[in-house]
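Below is one structure; the comments refer to it alone.
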Amino acid sequence: MPERNKPEHPTQMELDILRSFGWAVVELESVLFERYTQISAKHSLISLDAFRKAMRIMESKGYLSSTSLHGYRAFKKQIVDKGILRNISPKNPNEEIRLALASLRAKKKVGFLRSSDIPEALSSRAKISVDPHSHSELASEPSPQRKVTKTLIMQSQITGDVILQQLEKLLQRKARSGKISPSIVSTHIHNLRNALSDSEEVFLEYIEQEFPELITPLNRLLSSKGSD
2 MPERNKPEHP
12 TQMELDILRS
22 FGWAVVELES
32 VLFERYTQIS
42 AKHSLISLDA
52 FRKAMRIMES
62 KGYLSSTSLH
72 GYRAFKKQIV
82 DKGILRNISP
92 KNPNEEIRLA
102 LASLRAKKKV
112 GFLRSSDIPE
122 ALSSRAKISV
132 DPHSHSELAS
142 EPSPQRKVTK
152 TLIMQSQITG
162 DVILQQLEKL
172 LQRKARSGKI
182 SPSIVSTHIH
192 NLRNALSDSE
202 EVFLEYIEQE
212 FPELITPLNR
222 LLSSKGSD
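Heads up: the sequence shown begins at 2 in this note's numbering, then just goes up one per residue.
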């Protein structure tokens with residue numbers, strides 16, 4: 002008989018934490034926490050300490066194992082049950098976009114989380130901000146900083162141009178097939194340029210609403226180029 006205090010299947014909270022991995026097998030703690038708050042907002046908002054406690058319990062159940070990624074605290078997903086895997090894998094573009102946006106927020110907020118609990122050792126440009134009434138208690142310690150140079154600006158412009166070119170091609174194909182009118186194409190292109198100049202989050206949210214089929218390839222492109 003199974004132990005009373007050890008359920009056979011993950012709880013809803015544990016499933017949400019496992020879903021926070023997305024397609025990844027190993028992920029940083031800071032990224033998992035930020036993703037969890039996005040996925041589980043309807044269920045509960047918890048502190049970082051409560052999140053870590055839940056992770057320790059999941060380790061004891063064999064769902065996760067702690068590890069390090071480039072010297073930073075991380076976790077590895079150990080689930081092999083096919084039924085559970087079906088429940089925690091991203092099922093649609095909306096879930097993928099939430100995971101992607103949470104990853105961007107985590108990287109902007111904290112960079113990478115130290116293997117030790119990062120209480121004081123911070124760079125001069127980043128300070129810990131702990132609000133006892135807030136669920137976000139992660140310290141801010143940027144990974145190697147990139148100066149804003151002409152080269153970086155040029156690379157960002159090139160990346161933006163590549164994205165817009167792909168979107169323009171998609172819009173033109175839709176116009177030729179009669180799915181949208183040519184006048185709508187110019188409106189979308191204008192909106193996309195404004196969204197991209199605003200932020201990645203605004204841009205991706207617009208893509209989610211209008212062109213969900215492009216979410217996955219664009220996420221990969223933005224992730225490979227970095228948030229800069």
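No residue lacks a Cβ here, since even glycine has one placed at the ideal position from N, Cα and C.
* Asked: To the nearest angstrom, how far is it from the Cα of Glu203 to the Cα of Pro213?
  -> Mapped onto the sequence shown, residue 203 falls at position 202. Mapped onto the sequence shown, residue 213 falls at position 212. The identity of residue 203 in the sequence shown is Val, whereas the question assumes Glu. Cα to Cα, Val203 sits roughly 14 angstroms from Pro213.
* Under 7 angstroms between the Cβ atoms of Phe52 and Phe34? -> To locate residue 52, count along the sequence shown from 1; it is residue 51. To locate residue 34, count along the sequence shown from 1; it is residue 33. A contact, by the Cβ cut-off of 7 angstroms.
* Asked: Taking just the CA atoms, how far does Tyr37 sit from Pro11?
  -> The residue given as residue 11 occupies position 10 in the sequence shown. The residue given as residue 37 occupies position 36 in the sequence shown. Going from the Cα of Pro11 to the Cα of Tyr37 covers about 15 angstroms.
* Asked: Can you give, in chain order, each stretch of the alpha helix (DSSP H) that sits fully within the region 17 to 76 and has at least 4 residues?
  -> 30 to 40, 49 to 62
* Proximity below 7 angstroms, CB of Ile80 to CB of Tyr64 -> As a first step, residue 80 must be located in the sequence shown, where it is residue number 79. As a first step, residue 64 must be located in the sequence shown, where it is residue number 63. Yes; because the gap between Cβ atoms is below 7 angstroms, this pair is in contact.
* Asked: Straight-line CA distance for Ile216 to Arg57?
  -> For the purposes of this step, residue 216 is taken as residue 215 along the sequence shown, with counting starting at 1. For the purposes of this step, residue 57 is taken as residue 56 along the sequence shown, with counting starting at 1. So the alpha carbons of these two residues sit roughly 33 angstroms apart.
* To do: Since I believe Glu206 is in contact with His189 (beta carbons under 8 angstroms), could you give me their beta-carbon distance rounded to a whole number of angstroms?
  => For the purposes of this step, residue 189 is taken as the residue at position 188 of the sequence shown. For the purposes of this step, residue 206 is taken as the residue at position 205 of the sequence shown. Actually they do not touch by this definition, with Cβ atoms about 14 angstroms apart.
* Asked: Leaving out five residues before and five after Pro27 in sequence, what residues of the same chain have Cβ atoms less than 8 angstroms from its Cβ?
  -> For the purposes of this step, residue 27 is identified with residue 26 of the sequence shown, where counting begins at 1. Reading off the sequence, residue 27 comes out as Val, not Pro. These residues qualify, in order along the chain: Thr68, Leu70, Ala75, Phe76, Lys77, Lys78.
* **Straight-line Cα distance separating Arg174 from Ile185** => As a working mapping, residue 185 is identified with position 184 in the sequence shown. As a working mapping, residue 174 is identified with position 173 in the sequence shown. Answer to the nearest angstrom: the Cα atoms are 13 angstroms apart.
* Nearest residue (CA-CA) to Ser61, options Glu209, Leu171, Glu15 -> Within the sequence shown, numbered from 1, the residue matching residue 61 stands at position 60. The shortest Cα separation from Ser61 among Glu209, Leu171, Glu15 belongs to Glu15.
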